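Numbering (full-length UniProt numbering), first residue to last: 1 to 318.
As structure tokens, the structure follows; a few thoughts come after it.
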């Protein structure tokens, strides 16, 4: 059988060689009777058809390419799977990290929005310097007055703007001074609480006095008592003035009772004294330039009574 197989193989190879020499594309297999493509035919085609032909010179290279392609595809699949796993890991890690940050931010926001500490429920509070004092202490009284005064100044500035819109210089003198004074009162509260850094009250007094003199120069000489009424702007300025006087009284009391930081606290008291004068002149300015009703009352010493004058004439625009 081996000899027969070898002879058959030799015969087929001989038939194939003769067919290639003649340039035939086919020859007949004597065993099966089927037509077989010669190597000449495959070379004429130039590539492997993938059918596994007996004499195809491209069969081995096609198999190699298929094997390489399989390996390459397997490697690409592995890389893709690893990339997918890493991406999922990063995604889960990011979600966990984001959840932690969100939880921390929520805790911070919760802590920040917690305005109550219950530390003052016993009637005591703590100053910036660290001292713990009673809420009825003179320091707390003065700080409360300054806080109230800042609100009154903002209220007065809001109601003064309508009648100052046509008078640019009065707007800069009155409204801007009220806003600046609100900022100064923040520093005053810090000084009373024990923080004396950045004290600029002494340098502000000269500017405040200049503005006060400018307003007073445009008004008639004061010879009478002043009755707060008629205008909301005038009433707001007078209300701020009386609160300013009260704050000044408490600060002076603090100066005389407390031995620490007397110089800085004294500057605050002097500033409040000058600010109350400014508010008084500003209230007169509002009444003079906008009101036609009598706001300044004469006092008759002999008769011991207040005389109400006739309505004011329309003042000239200043």
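For glycine and all other residues, C-beta sits at the position ideal for the given N, C-alpha and C.
From a predicted model like this one, the values you see are computed outputs, not experimental measurements.
Rounded to the nearest angstrom, what separates residue i and residue j at their Cα positions?
| i | j | result |
| --- | --- | --- |
| residue 18 | residue 57 | 17 angstroms |
| residue 200 | residue 124 | 30 angstroms |
| residue 28 | residue 20 | 13 angstroms |
| residue 157 | residue 195 | 28 angstroms |
| residue 161 | residue 177 | 12 angstroms |
| residue 264 | residue 204 | 13 angstroms |
| residue 22 | residue 53 | 20 angstroms |
| residue 185 | residue 276 | 13 angstroms |
| residue 269 | residue 251 | 6 angstroms |
| residue 49 | residue 25 | 15 angstroms |
| residue 333 | residue 271 | This structure cannot settle anything about residue 333, because the visible part of the chain is limited to 1 through 318. |
| residue 154 | residue 175 | 9 angstroms |
| residue 312 | residue 183 | With a pLDDT of 44 at residue 312, under the threshold of 50, the predicted position of this residue should be treated as unreliable, and no value is reported. |
| residue 137 | residue 241 | 23 angstroms |
| residue 249 | residue 143 | 12 angstroms |
| residue 214 | residue 180 | 17 angstroms |
| residue 228 | residue 254 | 30 angstroms |
| residue 51 | residue 16 | 18 angstroms |
| residue 93 | residue 118 | 40 angstroms |
| residue 244 | residue 147 | 10 angstroms |
| residue 210 | residue 120 | 43 angstroms |
Which residues bound the beta strand (DSSP E) around residue i?
| i | result |
| --- | --- |
| residue 36 | 35-37 |
List the residues that DSSP assigns as beta-bridge partners of residue i.
| i | result |
| --- | --- |
| residue 28 | 35 |
| residue 124 | 134 |
For residue i, is the beta carbon positioned less than 7 angstroms from some heavy atom of the ligand GDP?
| i | result |
| --- | --- |
| residue 145 | Absence of the ligand GDP from the depicted structure is noted, as is the absence of any ligand whatsoever, leaving it without description. |
Take residue i as the anchor and find which of the options has the nearest alpha-carbon.
| i | options | result |
| --- | --- | --- |
| residue 202 | 274, 221, 236 | 274 |
| residue 288 | 216, 116, 243, 267 | 216 |
| residue 32 | 48, 12, 51 | 12 |
| residue 282 | 88, 144, 74, 232 | 232 |
| residue 238 | 285, 209, 147 | 285 |
| residue 140 | 280, 192, 267, 213 | 192 |
| residue 30 | 14, 41, 133, 45 | 14 |
| residue 36 | 55, 45, 258 | 55 |
| residue 206 | 86, 91, 278, 82 | 278 |
Next item on the list: Please list the segments of the alpha helix (DSSP H) lying wholly inside the segment 186-262, counting only runs of 4 or more residues, in order along the chain.
Entry: Counting whole runs of 4 or more residues, the segment 186-262 contains the alpha helix (DSSP H) stretches 201-217, 232-257.
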